[in-house]
Amino acid sequence: MNKIIILSGLILFSIPSHNAFAETISQTVWSLAMNNNDGDAQYKIAQAYNPSISNYDWDCRPHQFYLEVQNKKLRGCQNKSDDKYIEFLTKAAKNSHPNAQTNLGIAYIEGKSVTKNIQKGLYWLEKAAKAGAYVGKAQYFLGNLYEEGLEVKQDYTKAIKYYELASSSRDWGHNGSAQYELYWLYKYKLNDPVKSLYWLEQSLKKMDDKRALKLTYELIDYFLDGGQADGTKLEQPNYLWAAKYLMFFVNCSGIEKSIRQKIAFQLAWFYLNGLGVEKDPEKAAIYYHLGLELGKTFESIDDKLMGKEFLLNVIKPIYKNKDLYIREFDEFVHTDLYNKKMKTLTLENQAYATNASKYVALVFGENSEDEERFYTKLIDQIRSKYPIDSDQAWIISPVLALAKERKMAYGYYQDAQRINGKTIDQLIELYQSALKLEPKNPKILYGLGTVYDFLNQKPKTAIPYYQQAANSGYMPAQYRLGVIYYKGRGVKQNYREAWRYLNLAAEQNYAAAQNFLITIDKSHPDFDWLTTQYIEHEQNYRSPTVLVDGEDWLKVEKENNPTAKINYRLLKHNTRRFQSMSCDIVVNAALAGDISLQQYFVVEALNTKALVCKLPQDQFFTWIDNSNLEDDRKQFLKAHYYIATDQYDVELKSLIDKQNQYAIIESIDRARANWHYDNRDEELLLSLKELLKTGNQYAARLLFNYYSSQSEYVDNAYQRQKITLLVNDLDDVTKFGNYRSFNVFALFNSSPLTQLKYYEPVSSKELSSSEVYKIWFELANMHEEGIEVPKNNSLAYVWYSLLSEHQQPRAAEKAEELKQQLTAEQLTQANNRLEQYSKLYRFIPVTHLDIH
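Numbered per mature numbering (1 follows the signal peptide of the UniProt record, and there is no 0), the sequence shown spans residues -22 to -1, 1 to 830.
In structure tokens form, the structure reads like this:
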């Protein structure tokens, strides 16, 4: 009976907010209840009389409610009453009000406010349980009754029936309680491990039932013990599925910290060793840090935790210094104390490094690149949590000691970057030790150069180190050399060398180089050469690059030689926004032969309803013809030139008659704004599917909108899922161009065009795993056979490979068969897409078994 008592509390707090009206009953509600036999009004009055709901109206006492009616005898504060509560609850229940039927049934079962009557209670609960999608309370209560066998004959079949109904109800299914009860029944009463696991998964997906959340690791242990998706077990751990749930649970704040800590540590080990996930030392560092932040006691650590020795001997000791505070001024004020602390810390770090290196070697071996990535990310995580100033740098000292013990240059040059408390000779020694291990590392070369340049004031000695780093493309070194040659520090002043190095850095969007001011006298022999460099280069310098007699050279040149190119460069130089008032300048520069501007106007025509700037027709058409677009799109863009005129409809119709797919899409899209279409609009659906056969990705996007707007008519989760994935399949940036990410301000900043983002898949809560896999198989078959879309073996290979990763039968054979038909280039592109899909679609099938 304990579960029934708990449920009553849940019922009370699950009453919808519109029922919390115990304070006042209006004349309208009273009239509807008394005269119109209105079930909803009767239920409201019943709840007002309900003694278990306190009144919050200051005009009445807690055991009363306020009644607003014309009858003066009744108007005012009315006492709550069990009899009246049951009277109006019964009236509402007889008028088919599901909440009234539920509450009345519970009242009869529990004997509260009315004489206990099990038969009447069952009658009303069973009536409510059939009343629609929002009666999960009644279904859950009935499930409890039949499971416990209290007041009724125990019947697990009926309990399962009602729990399953409650689990899919709109008002009760979201909290995971019914799913948890099914897990408990199947595990402890019916001894069915497959179904018990399924329902535990279902409950945990909701992340709301605290009982289930305590069992989070039970699900992970199942897979680590060899549990498979079909309920069978193998000798080897199922790392793939264990990893799925580790990633699913690790950021769920509702899980107890000790359990979540264990999840974080286990996931870190998975990433460190590539168990069920792609090996990623940076993510491993993130999750080790998260685990350490979740608790200091390590209650979650047990012998079953994989990587326990690595955690205890490598990770945990690093964090013991986070509360250590060694202040630098102790070096000057309390020298003995400072030296004592430093000596102790050094000895502890050395002992730690000697021990930890044995465990690190087992994980990384000779892979120093991954090992450095791990240390770097771990230090980043520590810095983000504990800001490391000159007084707190000791927190990361164990990591650097470990890197040195492992003979890694990283430990030495990272230590050298912590200059406080070190002499110049000590810094040089650290950098030179690092160079012995990695003589071509640009970070080390540049770091050593800065010691000679800034601390030792020997820029001539620094230059060879800077040059080696700059030649490998290291931007800070290129910038610094530019400054050195510009100022003539340690070398003869040389504007050409200064420009060369500054420009190398600026081309890589290094802000310091882009912002650097060069001041030059007109009489200098390099004046003409230097000033033309700026005007001939396309990178966007964010501030004047050349000053002449204290003035921006572009401004001076505009007065003396106002060419279209000069005017545009000055506009671009001085503004971040593109406005219609600037059209003359921009258009003239394009007409003068600026290829990037010509491309811009073509791209703008793809993205806007009307061109901001009016262009000469013949020139615009020439630019379109010179682009690398396919003929259909070129013809459509020419028609687009007339978009703000009546001529546009004529041009569009002409292209539609020629079956121009872009014109057809435009026509559908324009009409869409005036439609309220639904699944019954077969003409629209056929038009879109016909276009889809050409591989038109925008047709797929319109289909997505079509299915997304139909929730009031049909549940289209399956179709929306399928078309979402198809949109991603057809988003081919090579064919269609990257135009939708090219905005009208693109020419006024130097950020590169971003890649088209994949659509996020529909929530897996709407579909079972078998439905998701069915969609994946359908997509693979569509691409392989050319059904509804152009035949594409590469995409078919991607889907079969993804299905194979999820251990679906027949998929591996199909993937291998299609692989043999792909060229090397096609296979590379397909595998790149597969890598993206594997990450994006990892958690669509959260549940591993469809038992319905």
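Quick reminder that beta carbons are idealized off the backbone N, C-alpha and C, glycines included.
For a test of the three-state rule: what should DSSP assign to residue i, helix, strand or coil?
i      : result
Gly427 : helix
Glu46  : coil
Glu529 : strand
Ile642 : helix
Cys561 : helix
Thr623 : coil
Lys470 : coil
Phe276 : coil
Tyr34  : coil
Gly109 : This sequence places Ala at residue 109; Gly is not what is there. Looking at Ala109 - three-state DSSP - the assignment turns out to be coil, as it is neither helix nor strand.
Asp258 : coil
Lys319 : helix
Ile397 : coil
Leu593 : coil
Leu549 : helix
Ser816 : helix
Met12  : helix
Met453 : helix
Asn77  : helix
Asn771 : helix
Gln128 : A small fix is needed here, since residue 128 is Leu in this sequence, not Gln. Coil at Leu128, not helix or strand.
Asp707 : helix
Leu415 : helix
Glu795 : helix
Asp187 : coil
Met225 : helix
Arg698 : helix
Gln786 : coil
With which residues is residue i paired in a DSSP beta bridge?
i           : result
residue 885 : Absent from the structure is residue 885, since the part of the chain shown begins at -22 and ends at 830.
Lys211      : Gly205
Ile498      : Val526
Ile3        : Leu45
Asn57       : Gln42
Tell me which residues share the same chain as residue i and place their Cβ nearer than 6 Å to its Cβ, disregarding the 5 neighbours each side in the sequence.
i      : result
Ser4   : Glu46
Asn771 : Leu796, Gln799
Asn57  : Gln42
Ala677 : Leu666, Leu669, Leu670
Gly389 : Leu378, Ala381, Lys382
Arg679 : Val705
His75  : Gly17, Tyr21
Suppose the cutoff is 7 Å on Cβ atoms and the five residues either side in sequence are ignored; what does the same chain contact list for residue i look like?
i           : result
Gly425      : Tyr391, Ala394, Gln395, Tyr409
residue 907 : The displayed coordinates of the chain run from -22 to 830. Any statement about residue 907 would go beyond what the structure contains.
Lys286      : Ile279
Thr344      : Residue 344 is actually Glu in this sequence, not Thr. Once the five neighbours on either side are set aside, Glu344 has no close Cβ partner at all.
Gly205      : Lys211, Asn216
Gln807      : Ser772
Ala24       : Tyr63, Phe66, Leu67, Ala70, Ala78
Leu193      : Leu178
If residue i sits next to residue j, beta carbons under 8 Å apart, how far is it from one beta carbon to the other, in whole angstroms?
i           : j      : result
Lys671      : Glu766 : 6 Å
Gln595      : Tyr619 : 6 Å
residue 832 : Ile374 : One cannot answer for residue 832 here, as it falls past the ends of the chain, which runs -22 to 830.
Lys612      : Asp603 : 7 Å
Among residues of its own chain, excluding the 5 on either side of residue i, which ones have a beta-carbon nearer than 8 Å to its beta-carbon?
i      : result
Ala221 : Leu245, Phe248, Leu253, Gly254, Val255
Lys536 : Ile544, Asn545, Leu548
Lys500 : Val526, Asp527
Gln132 : Tyr124, Glu125, Glu126
Arg474 : Asp504, Trp507, Leu508
Quiz item: On the three-pair Cβ rule with 8 Å, is the stretch 102 to 116 touching the stretch 70 to 77?
Solution: yes
Practice problem: Flag this pair as touching only if the stretch 346 to 355 and the stretch 249 to 265 have three or more C-beta atom pairs under 8 Å; answer yes or no. | Solution: yes
Quiz item: Quick check: the stretch 251 to 261 against the stretch 235 to 243, are there 3 or more CB pairs under 8 Å?
Solution: no
Quiz item: Is it a yes or a no for the stretch 241 to 253 touching the stretch 319 to 339, going by three-plus beta-carbon pairs under 8 Å?
Solution: no
Quiz item: Are at least three pairs of beta-carbons, each pair with one atom in the stretch 481 to 498 and one in the stretch 447 to 467, less than 8 Å apart?
Solution: yes
Quiz prompt | Contact the stretch 150 to 161 vs the stretch 119 to 131: 3+ CB pairs below 8 Å | solution = yes
Quiz item: Are the stretch 317 to 325 and the stretch 274 to 290 in contact at 8 Å, needing three or more beta carbon pairs?
Solution: no
Self-check item: At least 3 beta-carbon pairs within less than 8 Å: the stretch 144 to 153 vs the stretch 103 to 117
Solution: yes
Practice problem: Report yes or no: do three or more beta-carbon pairs, one from the stretch 397 to 412 and one from the stretch 444 to 454, lie closer than 8 Å? | Solution: no
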